[in-house]
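At position 359 of the sequence shown the residue is numbered 375 (our numbering), and the sequence of numbers has no breaks. Glycine included, C-beta positions come from ideal geometry on N, C-alpha and C. Quantities reported herein were computed from a predicted structural model and do not represent experimental measurements.
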Amino acid sequence: MELTDSLNATEISVPALVIGGGPAGLMAAQQLARELGQIVVCDAMPSIGRKFLRAGIGGLNLTHSESEEKFRAHFSGSVPVNPWLDEFGTRQVLDWATDLGMETFVGSSGRIFPTQMKASPLLRAWLGRLQDNGVQFRTRHRWTGLQRDGDDYRFHFTTPDGGLTVRTGVCVLALGGGSWSRLGSDGQWRALLSKAGIESLPLRPANCGFDFNWTEHFNERFAGAALKAVRLSVDAGDSVRHRIGEATISRQGIEGSLVYHFSALIRDQIDSRGQCTLHWDLLPDWTDEKISRQISLPQGKMSMSNFLRKRLGLSAVKIALLRELAPDSLRDRVLLAQAIKHLPMTVRATRPVDEAISTAGGIPESEMTRHLMLRRLPGVFCAGEMLDWEAPTGGYLLTACLASGRIAGLAALNFTRETAPDDT
């Protein structure tokens with residue numbers, strides 16, 4: 017099937033269609049374009065890859081250098097990610113970046129970044145490669161529905177020039193989850209697919225912050241402050257999970273990479289129990305004995321804040337956190353030693369979905385074949401955050417989005433050859 021009619025036509029026919037211009041959609045388009053040439057990628061935003069560019073602020077975390085076993089342990093949800101990673105894992109991500117002219121390096125945390133620490137050079141190179149392969153990009157094209165038309169589908173869009181219908185026999189949907197809607201992922205596809213009989217799970221915040229009602233005084237002084245070199249512990253039922261890192265005090269509560277790492281566990285406890293108690297170790301490198309010894313020294317004329325700063329090296333935000341969460345500890349040295357190592361903080365709500373870095377939920381495994389084709393819509397494939405899987409930040413999200421796009425794109429290409437794998 018060849019591209020027909022002009023770009024301003026109200027109806028066009030294309031060999032393949034991709035809806036969504038994020039990493040998953042672009043990777044699917046890359047597979048399709050190698051044989052089909054002029055395929056079309058439609059995106060509702062004014063430009064392609066907006067959330068991808070947002071992820072590159074402060075450095076684009078492509079993937080992670082840890083062992084394969086540890087890497088895969090970070091994924092959860094009804095849709096299995098391991099089969100994607102079998103085909104396109106860390107090594108393949110790096111090869112892909114290198115092929116686009118991007119050098120990479122491993123950071124101190126094991127995360128892997130492009131040496132330029134930006135998403136824009138990689139995105140420009142990628143879009144250029146796709147255009148060279150015949151891919152056409154249509155921005156400000158919002159998908160509004162689809163109809164079955166014999167062996168083909170008619171996908172409907174609103175555009176700045178009015179309505180447009182795209183007729184095709186194969187399509188990859190890569191519309192994202194429900195976070196950062198201003199960048200394109202608004203989750204509205206759930207209602208559209210529901211009309212076609214496709215069930216999906218509600219989108220829930222992942223890699224998110226949590227509400228906490230700070231006092232006005234604390235908020236005025238410390239909203240936005242970094243809580244550095246702390247250990248966060250969360251009870252997982254069968255074990256207690258620990259991690260050292262950095263968090264951020266927000267005006268609404270607590271967020272940051274350390275919190276995001278445990279956000280799925282915390283969120284699920286809130287959903288099931290109504291709350292989750294976090295424990296902060298403000299001096300993870302200090303033993304209980306060392307802390308007790310230091311705070312048993314005479315305070316003299318020093319204020320408590322100065323005493324804690326000089327004896328323990330506690331920062332102002334850590335001292336304020338003790339006052340906020342365990343005020344009695346500042347009047348009892350035994351309680352103080354305990355609070356410094358095990359400071360409790362109970363949270364009862366996540367921040368809204370739209371503020372989250374990513375989302376959980378979406379299309380479950382039962383609605384798709386193992387090659388990510390919707391069982392009720394043969395020839396329509398899905399990829400990326402639309403699917404019911406989740407992972408923490410650290411390169412896991414981007415790697416899996418790219419891998420799922422590749423799986424869906426190759427399967428869609430096979431479908432156009434009428435030699436689709438047996439998905440029964």
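- At a Cβ-Cβ threshold of 8 Å, A222 and G38 do not count as neighbours.
- When C-beta atoms of the region 45 to 63 are compared with those of the region 150 to 162, three or more pairs fall below 8 Å, so the two segments count as touching.
- For T385, the closest C-alpha among the options A376, A372, E371, L403 is that of L403.
- For V95, the closest of M389, P176, M61, S308 by C-alpha to C-alpha distance is M389.
- Looking at D102, P218, R206, the one whose alpha-carbon comes closest to that of T415 is D102.
- In the assembly as shown, M318 is an exposed residue. Its beta-carbon has fewer than 16 other beta-carbons within 10 Å.
- Look at M61 here: in three-state DSSP terms it is coil, with no helix or strand label.
- When DSSP states are grouped into helix, strand and coil, C187 belongs to the strand group.
- Counting other Cβ atoms within 10 Å of its Cβ, N77 reaches 16 or more and is therefore classed as buried.
- Taken through DSSP and simplified to helix, strand or coil, S92 comes out as strand.
- Bridge pairing for A416: absent [DSSP].
- The criterion of a C-beta distance shorter than 8 Å is not satisfied by S266 and A242.
- Note: C224 is not bridge-paired with any residue in the DSSP secondary-structure output.
- In the three-state reduction of the DSSP assignment, L388 falls in the coil class, being assigned neither a helical nor a strand state.
- Check the Cα spacing between T114 and each of V97, I128, S124: the tightest is with I128.
- Comparing alpha carbon positions, the residue from E236, V363, L143, W302 closest to V275 is V363.
- In the DSSP annotation of this structure, the continuous segment of the beta strand (DSSP E) that includes V256 starts and ends at 256 to 265.
- In the structure shown, D344 falls within a helical segment according to DSSP collapsed to helix, strand and coil.
- With a cutoff of 8 Å on beta-carbon distance, V250 and F226 are scored as not near each other.
- Counting of Cβ neighbours within 10 angstroms places G421 among the buried residues, the total reaching 16 or more.
- Judged by DSSP in its simplified three-state form, H277 adopts helix.
- With 16 or more other CB atoms across the displayed protein chains lying within 10 angstroms of its CB, F323 is buried.
- Pairing G144 with G117, the inter-Cα distance amounts to about 12 Å.
- For F104, no alpha helix (DSSP H) segment is defined, and its DSSP state is neither H nor E.
- Of the other Cβ atoms in all chains shown, fewer than 16 fall within 10 Å of the Cβ of E119; this residue is therefore exposed.
- In this chain, the alpha helix (DSSP H) harbouring K67 covers 66 to 71.
- For I260, the number of other beta carbons within 10 angstroms of its own is below 16, and it is reported as exposed.
- In the displayed model, P137 falls within a helix according to three-state DSSP.
- With respect to the C-alpha of S124, the residue from S81, S331, R433 having the closest C-alpha is S81.
- The beta carbons of F234 and A336 sit closer together than 8 Å.
- The secondary-structure analysis by DSSP pairs W159 across a beta bridge with F173.
- In the three-state DSSP reduction, S29 falls in the strand class (E or B).
- Below 8 Å, enough C-beta pairs join the region 355 to 372 and the region 297 to 307 to call them touching: three or more.
- In this chain, the alpha helix (DSSP H) harbouring M43 covers 39 to 52.
- Under the three-state reduction of DSSP, L116 is assigned to coil, being neither helix nor strand.
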